[in-house]
Structures are given as C-alpha cells and as structure tokens.
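These notes concern the structure reproduced below.
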Amino acid sequence: MKFSSQRVWHRFPVVLPVLLLVLVTLAPLAQAGVFNPKTTTLSNGMQVVLVENHRAPVVTQMVWYKVGAADEVPGTSGIAHFLEHLMFKGTKKIAPGEFSKIVARNGGQDNAFTAWDYTAYFQNIARDRLGMVMEMEADRMQNLQLSDKVVLPERDVIIEERRMRIDNNPSALLGEQMRNALFMQHPYGRPIIGWLHEMKQLTTEDAMNWYKKWYAPNNAILVVAGDITMDELKPMAEKYYGSIPAREVPKRVRVTEPTQHAPRKVTLTDARVGQPSMSRYYLAPSYNTEHSDEAAPLEIFSEILGSGTTSRLYKSLVVDQKLATSAGSFYDPVAMDLSTFGFYAVPRDGVEMADLEAALDAEIAKTLKDGITQKELDDARQRLLDSAVFARDSLSAGARTLGEALAVGLTVDQVESWPDRIKAVTLDQVNAAARNVLDDKRSVTGWLLRPKGAKGPGMPTAPVTGTMETH
Numbered sequence: 001m002k003f004s005s006q007r008v009w010h011r012f013p014v015v016l017p018v019l020l021l022v023l024v025t026l027a028p029l030a031q032a033g034v035f036n037p038k039t040t041t042l043s044n045g046m047q048v049v050l051v052e053n054h055r056a057p058v059v060t061q062m063v064w065y066k067v068g069a070a071d072e073v074p075g076t077s078g079i080a081h082f083l084e085h086l087m088f089k090g091t092k093k094i095a096p097g098e099f100s101k102i103v104a105r106n107g108g109q110d111n112a113f114t115a116w117d118y119t120a121y122f123q124n125i126a127r128d129r130l131g132m133v134m135e136m137e138a139d140r141m142q143n144l145q146l147s148d149k150v151v152l153p154e155r156d157v158i159i160e161e162r163r164m165r166i167d168n169n170p171s172a173l174l175g176e177q178m179r180n181a182l183f184m185q186h187p188y189g190r191p192i193i194g195w196l197h198e199m200k201q202l203t204t205e206d207a208m209n210w211y212k213k214w215y216a217p218n219n220a221i222l223v224v225a226g227d228i229t230m231d232e233l234k235p236m237a238e239k240y241y242g243s244i245p246a247r248e249v250p251k252r253v254r255v256t257e258p259t260q261h262a263p264r265k266v267t268l269t270d271a272r273v274g275q276p277s278m279s280r281y282y283l284a285p286s287y288n289t290e291h292s293d294e295a296a297p298l299e300i301f302s303e304i305l306g307s308g309t310t311s312r313l314y315k316s317l318v319v320d321q322k323l324a325t326s327a328g329s330f331y332d333p334v335a336m337d338l339s340t341f342g343f344y345a346v347p348r349d350g351v352e353m354a355d356l357e358a359a360l361d362a363e364i365a366k367t368l369k370d371g372i373t374q375k376e377l378d379d380a381r382q383r384l385l386d387s388a389v390f391a392r393d394s395l396s397a398g399a400r401t402l403g404e405a406l407a408v409g410l411t412v413d414q415v416e417s418w419p420d421r422i423k424a425v426t427l428d429q430v431n432a433a434a435r436n437v438l439d440d441k442r443s444v445t446g447w448l449l450r451p452k453g454a455k456g457p458g459m460p461t462a463p464v465t466g467t468m469e470t471h
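Sequential numbering from 1 applies to the sequence shown in UniProt numbering.
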C-alpha cells in the first residue's frame, strides 16, 4: 500500500500514476492498527477523530464535508469547488481574505481541496492556537456571507484557473476527455473544476444554496492530528462546533454506470505537447462497490506490475526493451462508487506510440496468462505494510487518510484493519482480481501526441489527480 500525506493537485503536484491513498477494507476490525485513532461524536452529530502525535507541539485540524463534485446537480458543474473558494470570503467576524492571513500571522498554514466525493479544509498550527482556528472554522461553517461583489470576481478566478490548469494543458485535457469517456453516465466523468460553459453561469444564489444544503455539522467530520489528547480535544470541539445546530441533509444519490461493451480510444494531438505519452483507464471496484473484496488484491497487483523501477512494466518497457522512459500503473480504491485502475507509459525518442502500446499490451497479457509469483506477492505485501509504518511518522497522513475514508462512507475500523487484510490476500485472489478488472470492454486508451514538424519545446507533462486545491 502507498500512504501519502498529500493528495492534491496544485500546491503539491504528484505524477498521474502515483497511487493515491489506499488503505481501507470492508473487513472486520482486526488486531493490528495503522493510526490508532480515538473517536467521539458531538451532540449535533459531528464526528470527531483524533490521531495523537506528540513529537512536536503542533496540530493539524481538518474539517471534511461529505459532499463533492459528483453530488452536483447537472448543469451546475464546478459549484463544489467554487464554494470551496468562497469559504475564504468572510463572515461578520472575519473580512474576506482575512482567514488565511490570520492563520499565517500565527505561524500556521491553511488550505482546502475538493474531490468528487468530498470537500476538506485544513490548518497546520501550533497546538496553543488550535482553539483559534477551531473558532474560525466553526464560524464559517454557519455564518458565511456572500454577495455578488465577492462572488462574481471569484468566479472569474476559477474560470482563469480552468484555462490555466486544464484548457492550456494538453495532458490535463486528455485526462478530462478520457474520464468522460470512461464514465458514460456516472458524474465521476465530469471535471471537478467544472465545464467552462457551466462555470460561467454559476451565481451567488447557486453558491448559497449549495452551502445551505450540505454544510452542516452532522454532514462534517473533524479530524485532528498532533500534540493533543481526546480529554483536551473534546471540550474544545463541543465549545466551538457542538453549539452549531444540526440540519437535515439530503441523501447522496448516485447513478449506476451501465454495462460497457466496447473499448474506447481518445487521441489528442497538440503543438503544446512537450513529451508524448499514453495511458489506459479501466473501471474497477472500490471498497464501497460490488466486488469490494478485489480491492486489496488489486492494490498488490498494481504494486507488482507498475510501482517503481523494480516493477514488471518498468523492467520490461524501460530497461529490457528500451521503448519507454517511464511506465507504471495506478489504482485508488477509496471512493463512494466505482474506481479506476490504469497504466501509463512515455515513449523514448523515435519510438512509435503504436509500438509502445503493443508492448504494454503484451506485458499485461503475459502477466494475466501466467499470473504473478508468490515471491512477487510476498515482496509487494511487505512494501505496502512498510508504507503503513512510515505513515505514522507524518503529522498529516493520518488526518488525510482517515478523513478521506470517512467522507466516502467507510469506517475507522476499516482503516485500522488494513494491515491484517493485506496479509490475508492470496496469490489466487490477486490473479483473479486482475483478470476480472483488466477487461478491454471497460477501458479507455489515451494517446497524447505532438504534431510532426511542430516547433518549439512544448509544455512539460503536467500532473493530474483527483482533487482541486484552492491556494
């Protein structure tokens, strides 16, 4: 398993194939743990989770709302991310733009990010300032003030952000088109930032309606990590958050992806491309879907086939055949609905994309036919278990991991039982899961090409992940 303390796009870029946070299962609570958190629930229904880490007098506070871009009403794409921006625009107590300035003046850092399944806000701060940021976060949970004066200029900001991050970025454009082709009906096929023509029509009323509909304490999770105990945290949480009245929150309704019958191909040719590349996405189960028992085996399979320079793909395509400069796989099973399993490869100069794709297909076919070996399973399992140990040293890894899991409907017990579940995965389970998921009829292949004869260096391949961060 790969643990990461950041799962963001803008400030902390990671390459597309890097595995995202994957550490939960639908199995019962086991003996081994990962972060050993403490939990409680406030009188208004807000869940509180604490990961103690007393190595330094600092804390991370995160508030996760169980709503994201996939919950948007058709025609209003981008409203979840737009409101994330607008949450920094002030209340009666705090003027627009002052929230982050106050955090910075007190030696802290803050930010926020939106994904398809959740929206989260966080601050890293000295432990004696936790009450201050709690008060501020609780204030904007219930007292956000918006007007056209602040909303419309910020709408221009997110439109410019889309142009810079997506429209002027060929690799991001290709990824957007591939997801839209992969998810034929499900809202995971919509971009988190929104479609441009719909973003231009978002209004102050749209933002306030979204805020009033979803931003309630009983639809939020408070996760704190750092130098504090639950005996200290709970009274503070009750003081600042517990007084906010619970509200009725609508059920999150998601459509079911229809049966897919044919592979799809997306080719984007653009003079701005600096480095051609190819990728492929497959529909795959998550920990919340049918066949969730395949998620842990798929984590191991991805580790073996495409994680790092010792993986099968890297050794075959880069080292042995010398067709690619990089190659790998990616899989993220933490989602409310279906997830994706994918591959990527970057050709060496002079290598035709068709030849690279054929070599990738041949390596995948060989692996599916012959299966992985017990030694590969044992080695991959150990690397994943080691990553869980290292994650405990990070102040924010536990907060981000637990918050994400809870926001998509998983439980603390499911997070903590992950080491025992990964230990129980068998060779037959890994091979069977891989053969079930890597079905071409449920796939999209993308080529990113540079026109022949194009002049200039082009743009570097930019990272794309499943979140949008504000600052």
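Positions of the beta carbon are idealized from the N, C-alpha and C atoms, including for glycine.
Restricting to Cα atoms, I'd like to know which of the options is closest to residue i.
i: MET184; options: MET353, VAL51, HIS261 and LYS369; result: HIS261
i: GLU299; options: SER387, THR91, TRP64 and LYS322; result: SER387
i: MET336; options: ARG421, ALA56, SER292 and MET87; result: SER292
i: GLU135; options: LYS213, ASP393 and GLN61; result: GLN61
i: LYS455; options: ARG272, LEU384, THR340 and PRO276; result: ARG272
i: ALA225; options: GLN201, LEU182 and PHE122; result: PHE122
i: residue 498; options: LYS213, GLY274 and GLU176; result: The requested residue 498 is not part of the displayed model; the chain covers only 1 to 471.
i: GLN55; options: SER396, PRO419 and ALA433; result: The sequence given here has Arg at residue 55, not Gln. That would be SER396, whose Cα lies nearest to the Cα of ARG55.
i: HIS85; options: MET353, LEU144, GLU357 and LEU384; result: LEU144
i: GLU357; options: SER279, LEU130, GLY308 and ASN180; result: SER279
i: VAL389; options: ASP231, ALA80 and TRP418; result: TRP418
i: LYS89; options: ARG129, GLN414 and PHE99; result: PHE99
i: ASP393; options: LEU313, ASP227 and ILE422; result: ASP227
i: ALA80; options: PRO191, THR340 and ALA424; result: PRO191
i: THR119; options: ILE102, VAL63 and ASP355; result: VAL63
i: ASP128; options: LYS149, LEU233 and MET178; result: LEU233
Any idea which residues DSSP pairs residue i with across the strands?
i: VAL59; result: ILE125 and GLY226
i: TRP447; result: THR267 and MET278
i: THR367; result: DSSP lists no partner for THR367.
i: THR340; result: LEU283
i: PRO347; result: ALA324
i: GLU52; result: GLY226
i: PHE330; result: GLY342
i: GLN47; result: THR41 and ILE221
i: TYR65; result: THR119 and ALA220
Go ahead and label residue i buried or exposed: buried means 16 or more other beta carbons lie within 10 angstroms of its beta carbon, across all protein chains shown.
i: LYS452; result: exposed
i: PHE35; result: buried
i: LYS93; result: exposed
i: ALA220; result: buried
i: PRO186; result: The question names Pro, but residue 186 is His in the sequence shown. With 16 or more other Cβ atoms within 10 Å, it is buried.
i: ALA104; result: exposed
i: THR373; result: exposed
i: VAL255; result: exposed
i: ASN168; result: exposed
i: THR445; result: buried
i: SER277; result: buried
i: SER147; result: exposed
i: MET1; result: Confidence is the limiting factor: at MET1 the pLDDT is only 37, short of 50, which leaves the residue's position unreliable, though a coordinate-based value still follows. When all chains shown are included, MET1 counts as buried.
i: ALA434; result: buried
i: GLY350; result: exposed
i: ALA407; result: buried
i: GLY308; result: exposed
Near residue i, which residues of its chain fall below 6 Å by C-beta distance, leaving aside the five closest residues on each side in sequence?
i: VAL48; result: THR40, LEU222 and ALA237
i: residue 475; result: A question about residue 475 goes unanswered here, because the residues of the chain that appear run from 1 up to 471.
i: GLY371; result: ASN431
i: MET87; result: ARG140
i: ASN180; result: GLY189
If you drop the 5 nearest sequence neighbours on each side, which residues of the same chain put their C-beta closer than 7 Å to that of residue i?
i: ASN44; result: PRO217, ASN218, GLY242, ILE244, PRO245 and ALA246
i: GLY33; result: GLU416
i: LEU83; result: ALA207, TRP210 and TYR211
i: TRP214; result: TYR65, VAL67 and VAL249
i: MET132; result: ASN106
i: MET46; result: PRO217, ASN218, ALA220, LEU222 and TYR241
Whose C-beta lies closer than 8 Å to the C-beta of residue i among residues of the same chain, with five residues either side of it excluded?
i: LYS200; result: ARG155 and ILE159
i: LEU338; result: PHE183, HIS186, TYR188, GLU257, LEU283, ALA284, PRO285, SER286 and THR289
i: GLY385; result: In the sequence as presented, Gly is not what sits at residue 385; that position holds Leu. For LEU385, where only same-chain residues beyond five positions count, the Cβ hits under 8 Å are MET1, PRO419, ILE422 and LYS423.
* Should the stretch 196 to 214 be called in touch with the stretch 57 to 76, which here means at least 3 C-beta pairs below 8 Å? -> Counting C-beta pairs with one atom in each stretch, the stretch 196 to 214 and the stretch 57 to 76 have three or more that are closer than 8 Å, which means they touch.
* Segment contact, 8 Å Cβ cut-off, at least three pairs: the stretch 51 to 71 with the stretch 113 to 129 -> yes
* the stretch 367 to 383 in contact with the stretch 315 to 324 per 3-pair CB rule at 8 Å -> No: fewer than three Cβ pairs fall under 8 Å.
* Between the stretch 424 to 444 and the stretch 283 to 292, are three or more C-beta pairs nearer than 8 Å? -> yes
* If you pair each beta-carbon of the stretch 393 to 409 with each one of the stretch 309 to 317, do three or more pairs fall below 8 Å? -> no
* To do: Count the C-beta pairs between the stretch 140 to 155 and the stretch 247 to 254 that are closer than 8 Å, then say yes if the count reaches three, no if not.
  => no
* Are the stretch 157 to 166 and the stretch 187 to 197 touching, with three or more C-beta to C-beta distances below 8 Å? -> yes
* Between the stretch 138 to 146 and the stretch 84 to 100, do three or more beta carbon pairs fall short of 8 Å? -> yes
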